[in-house]
Structure formats: C-alpha cells, structure tokens
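I have placed the structure first, in the form of structure tokens, so that the comments after it can refer back to it.
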Amino acid sequence: MRQQLKKITDLTINDILNKNIILPSTYFDKFNYHAKELEIDLDDEKFKHEINKLISEDFQAIENYMNLIATNAAALKENTKNAADAILNNDIDSLNDIYKKILNLELEVKNLNDKLFVDDITNTFNKKWIYKIFLNDNALFQQNGICILVDVIDHNYVQSEYGDLLANNLLIFATKFIKQKLKDEDFDYDMVRYNENKFLIFMQNLTEEKKDVINFILNLEQLLSNTTLKSNSGLFIKAKYEFKICSFKINQDSKEIFEGLLSKKRKI
Amino acid sequence: MLFQKILDIFSKNNNIKTLFLVDILYMKDLNAIYDFKNGDFIIRQLDSILKTNIKELIKQELKRNISINIKNTHVDVFEIYLLDDLTIEEIVIVKNIIYESVVSNNFKLLDNHGTINIDITIGCAKSEDQHIKIYAEKALYNAKLNFIHYMYYDSFLYKNESVNENLLDILNYSIENNLVEPYFQAIMDNKTNKIVKYEALMRIFDKEGRMLMPNNFIYKAKKCRLYNKLMEILIDKIIVYILKYKIHISINLDYTDILNPQIKKDLVSKIKSNNIGEYLTLEILESEKVSSFDTVNEFINDVKQFGVKIAIDDFGTGFSNYENILNLNIDYIKIDGSLIRKINEDIYLNLIKSIVLFSKQQNIKVVAEFVSDLKILRYVKNIEIDYSQGYYIGKPTHIQELFGEENETTTKKDN
C-alpha cells in the first residue's frame, strides 16, 4: 500500500509542481484521479491506517528537523557571544575553540541539508533539490546543459516479485555504477531521483563536445544493461534500463524538458 | 474487458512452470574411482529418492497438490518440473529440500558395505514459454562457474539479454563498411613530459554514426566469431597511420589472440612486410588464462626479432605474479588503473612502490594507467614510474583530431 501511495504522490506532484499556486482541492483532485487510475480505494481501512501512519511519521521528521535547527541556532548564538567576548579580550585560545565549534556547526548544517535534499536509499538528490536548489524560482534552468533520464525499467517487476530489499538494492547498484563511471570520466554532474524508478542526471559546464557526451551516455547504458546483479539467495538479475537524453538552455522551462523526456520515444 | 483480463491472468498462471535441473558434481571422478557400474547404481538411487522422498517432501511443504514430473535427461542430470507458478520463497524451500536431502543421503556401493556422499549443483528457472530449459541450463552453468550450489534465473529478466540483438547488426555493419577505428590515447614520458607513444583503442560505429566502446562489443564479437575480422581491420588501419605519421603505437592483445594461429600469422607477416616493428608495442593482458608461458614466450620472441616491444597490461589485477613475469621476455609493465586510482592510500602506494622496485631491478619500464588528475601524476612521478597514461595526459582521440592539434597535445606541461 505504501508503495502505491508513493506512486500516486509522485504522479500527482508531477502534474502540479509547476503551478504557482496549489490549492488543497487541486492536489486532492489530482490525487483522487491517479488513485482511481491505479484502482486504489481511498475509503479502504488499510489505506486510512497507512495514511495516519505516514502523517505521524511526517510530524516526527518535522519535529526532528525543528529540534536540530533550534539546537544549531542556540549553538550559533552562544558561539557569536563567546566570539565577541574573545575578540574584546584578545583571547586566542577561546577563538580557536570557537572556530572548531563553528566547523562542527557547519557539518551539522550540511547533514541537515542532506536530510532535506538527498534521497536516503540511493544517496542521489531528491526531487525537492531540483525545485529548491537547481532551478530558479520559476522552475527555469539557470544554465545550458544536458539532461539524461535513466529509467530502471525492471524495478517494479523486481519489487513485486522479490520485495523492497532487492528492488532497493537494484537502484543502489545502478546509481552507484552510473556515478562511478561519470566520475571516472571527470564529468561535472548532479544525479537526482525523480520518482520511484526514474533518475535525472544534469550536466552543466560541459567541456566536451555534446556528441562525445551522448556517445558516452549511450555506451554507459549498454554497459549497465550488460551487467548482472547477483543476490545472496542465488538470484541472477539482469535488469533492463533505458536512457533518454535532451539538451536544455538557460531560462528554459523545466516542465517542458522533463515531460518531453518522460514521453519521448527516441533516445536523443 | 475485465473478463478478458481475468482470462489472461488465469491462462498465464496456468502455463507457468518451474524447472529445477539437478547435476551430480564430479560424476567422472565417481566413475573413475568406483567404476561405471557403481556410477550407474548411484544414479539409480538418486532417481529413486527424487521420485519418492523428495517429491513427497515438496508436496508436503508446499501444502498443495502440485503436479511434479521427474526424469533423468542426461547421464548425471535430472529434471524436476513443477507445473505451478512458485513464489521465490517457495522456490528456495524446494531447492533446500532437494539439496539437503541429496547431500545428506548415504549412497550405497555394489559389493561394498560402505556408503558415500555426493554433491550436486542446482539450476532453476520459472517461465511460461518453451525456453524454460535454456534459462535453467544457463542458471546451472553459472552456478558451476561461480562454484556455488544453486542459481535461479528469472526468465522475465533473462529476456533482457536478447534485447541487444542489434549489436550483431552493428558489428556486421562496422566490418562491411570498414568502420572499425583505432582511437589513440597518449602515453607520456614522466622525465621529459613528452608524449612518446599512443595506445590504440578499438571503436566501432552504428548507422547513426554513434560510437561504441570495446567493453560493450568485444564479448559479443568473440561470441559471434567476428572478433578476428575486427582485429584485422584495426591492425591494417594502425599500420597505415604508423607509416603516415611515424608514431609509436601500442596494441592490446588478449592471450587468446596469441593462441590464435591466424591472428599471430597475419600480425607477424604485416609487421615484417611493412617494416614497422620499431614503432609497435604489443600489450598482453595479464590474465589467469595464461596457462602456457612457453607459448607466450615463443610469440614474444617471434615478434621481438622485428623490434617490437612487449608490455604486460593491467598488471596487478589478474592471477599472475612476479614469478610469471620473470618468465616472460618483456619491456614494460602497465600498472592497472584500479591500483593507480588509489595511489594516495598507503597500502596501494606501498604495493605500487614494490612493483616499481621489482621492475627497475629487472630492467622493465613501468607505465601508470588511469592518471586522471595532477595529484595522481605527482604521486606517480614521485615514486619514479617511467610513463603516465590517463585522462589527465589525454583522452582517447581520433587520429585526425590528434594531428590537427599536434603542437598542443605532444607536450604536457607539469604545473
């Protein structure tokens, strides 16, 4: 049920993310529409129970973030006061101590940032990162570049036949593989989990010819498709993947690019 | 429409079968030690326990009346067909029943009061089509190859293997249209910072002009017996470029290339007739497959008389050791990229240093692969590795690009 809920949420968010104003009714209409499409009964007891559980988990996560932010803010306030005193008294030891504390604080803020913008299974960025960090406030691209959609096609099959653990392992394997190969080639890239089994790779500041990058990506797709994942239970997974590539320009609408990639049949 | 859907699901589930192939390990040894009569006797006993005890246990454990067909299809191979769509958990249960029952069974011998135990390998597949046996055989083969007692092939996922059928078309297209092309990656002398040599890397192209890299097609080319043709075109083009540009080039050779009399004969004859030995280095892949060092040395001596240099490629990854290298008459060792990329870690740095020390004592020059940034290059120079190759020195490039920018690429400044 949770997986189906996630799927409905993904589809709903995809539909409305680019709107300036999202009223609760708009969200619910779309949510309802996709739930019906996936043949989910919203009045089902199991469904209601799952929703309540999710809401409680969400509250817990928000509370944790708030606590963390409050702790960090308190630490920052104390450090600032101590720094002011240390400067007035010309106290080098205290300043050194404060410097260390600020470094720790920086790490804490980074961890908090990771929690907000990183997908905890694949360690790639999450969708929030695209809209909060990567694109501008109007969801437009801020630079020229190339966007690659990586579809782990067999993810759903592996999930339904062998469960979440293996399905997640497949995603972890695929993302690690891709990230290592891109790193080996020295590409400047960002990888994002766009929905359950689809990832986006953004490449900006390309120093290579576009043709060479496309060649590399198509070879990477082949290489990944030819790689086998062996599970401890003796299962042999040779999953199917599909890569699609599209260029984007500064100030171009991201929705246009993402929808184009999701719907297009040709690779390039 | 709903009715049709239900009908589809019903008919689909009805056709799904699960097949276990059970193979007795080292049957030849059993025949050799206890003779064929005892070998046959063991097979008859296995046949019996599969058809009685194991069949019954499976039905009990799965708690339903499943149709199970068991037969001895090959000398030491048994097929167990379950005409049902088993879940992955049920498959593991059945596998455990078969495995544990067989390996714990005491097999009797004729005219002997003692008993022996046997070991088995199991390959399993589930499918609704007639290819189920191919999938199960593939699973069995891979289980044996990986020295594990069981492997399961999901036919749905296995089908992905045949998706890339058009690779064969691309290979044929490249051969017919002479589109096998060497791309050249620079190798720099660490003392002079000059590019002294290029490694030729094979590329092929599809109809849209998109380039394919070797790790995507070499295996398929070998499987389809097209590899020799690719090598032939590659070597011909390399010879043309050597004659035209007078550059030193390294070519990769697999151990199997050396064993292949056709490739060996062609190569030696081309080196001789074009008088290009002085410009050529042959890189032999370090591999566990090198079983006859005499054959390799014979090949090395044959080509060395024309001035060809010999390198051992990917050193540090295979099973060869220093002793094996001592037995070969080589000029260069290329340290594998997987070691060089970790050169900043003490354990790898020490390992690389020991390779360099050993090589210098044997008068063998050392090349570092995967020099991808300045930091790695500094490490490499610091421990006195003779040559560097990698993206920091230069990416694989087409010959035209290379000589269009000759002045910029032949020297790299160490900053």
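Going down the list, the sequences are from chains A and B.
Per this note's numbering: the first sequence = residues 2 to 269.
Per this note's numbering: the second sequence = residues -15 to 399.
Idealized CB from N, CA, C, for every residue including glycine.
With respect to chain B, the C-beta atom of Q223 of chain A has a partner C-beta closer than 7 Å. Residue contact with chain B for K239 of chain A: present (Cβ-Cβ distance below 7 Å to some residue of chain B).
Distance check between Y119 of chain B and each of B:D103, B:Q384, B:F140 and B:Y306 places B:F140 closest, using alpha-carbon atoms only. Along the stretch 196 to 225 of chain A, the positions whose C-beta sits under 7 Å from a C-beta of chain B are N216, L219, N220, Q223 and L224, read in chain order. When only Cα atoms are considered, V61 of chain B and G23 of chain B end up about 13 Å apart. Rounded to whole angstroms, the separation of the alpha carbons of V159 of chain A and K129 of chain A is 26 Å. A straight-line Cα-Cα distance of about 29 Å links K1 of chain B and Q4 of chain A. Your pair L94 of chain B and K21 of chain B checks out as a contact, with CB atoms roughly 6 Å apart and the cut at 8 Å.
At a cut-off of 7 Å between beta-carbon atoms, L141 of chain B makes contact with chain A. Check the Cα spacing between N145 of chain A and each of A:V151, A:N65 and A:M204: the tightest is with A:M204. When DSSP states are grouped into helix, strand and coil, L341 of chain B belongs to the helix group. Spanning the alpha carbons of N157 of chain A and L70 of chain B requires a straight line of approximately 19 Å. Between L210 of chain B and the set B:L155, B:N53 and B:M186, the nearest pair of CA atoms involves B:L155. Beta-bridge partners of D152 of chain A (DSSP): A:K199 and A:E243. When C-beta atoms of the stretch 279 to 296 of chain B are compared with those of the stretch 258 to 267 of chain B, three or more pairs fall below 8 Å, so the two segments count as touching. With contacts defined as CB atoms closer than 7 Å, S372 of chain B and L358 of chain B fail to qualify as a contacting pair. At a cut-off of 7 Å between C-beta atoms, I324 of chain B does not count as an interface residue with respect to chain A. Under the criterion of beta carbons closer than 8 Å, I219 of chain B and F283 of chain B do not qualify as touching, at roughly 15 Å. For R194 of chain B, the closest Cβ of chain A is nearer than 7 Å. Taking the CA atoms as reference points, H133 of chain B sits about 14 Å from S232 of chain A. Proximity of chain B to Y163 of chain A at the Cβ level (cut-off 8 Å) is accounted for by I72, in chain order.
Not flagged as an interface residue toward chain B: D45 of chain A, since no C-beta distance is shorter than 7 Å. Residue range L358 to N366 is occupied by the alpha helix (DSSP H) that includes R362 of chain B. Distances from the alpha-carbon of N177 of chain B to those of B:I383, B:I369 and B:N212 put B:I369 closest. Cβ neighbours of L77 of chain A within its own chain (closer than 7 Å, five residues either side excluded): L106. Membership of F118 of chain A in the alpha helix (DSSP H) is indicated by the continuous run I93 to F118. Interface criterion met: the Cβ of L236 of chain A is under 7 Å from a Cβ in chain B.
N161 of chain B carries a coil assignment under DSSP once its states are collapsed to helix, strand and coil. What Y66 of chain A touches in chain B, judged by beta-carbon distance under 9 Å, is nothing: the nearest beta carbon there is about 36 Å away. About 5 Å separates the beta carbon of C108 of chain B from that of Y136 of chain B, a gap short enough to meet the 8 Å contact definition. Under DSSP, Y371 of chain B shares a beta bridge with B:D173 and B:V351. Contiguous beta strand (DSSP E) elements confined to the stretch 115 to 144 of chain A do not occur, taking only those with 3 or more residues.
Taking CB atoms only, Y363 of chain B has no neighbour in chain A less than 7 Å away.
DSSP lists A:I147 as the bridge partner or partners of S248 of chain A. Between N83 of chain A and I93 of chain A, the C-beta gap is not smaller than 7 Å, which leaves the two residues out of contact. D220 of chain B carries a helical assignment under DSSP once its states are collapsed to helix, strand and coil.
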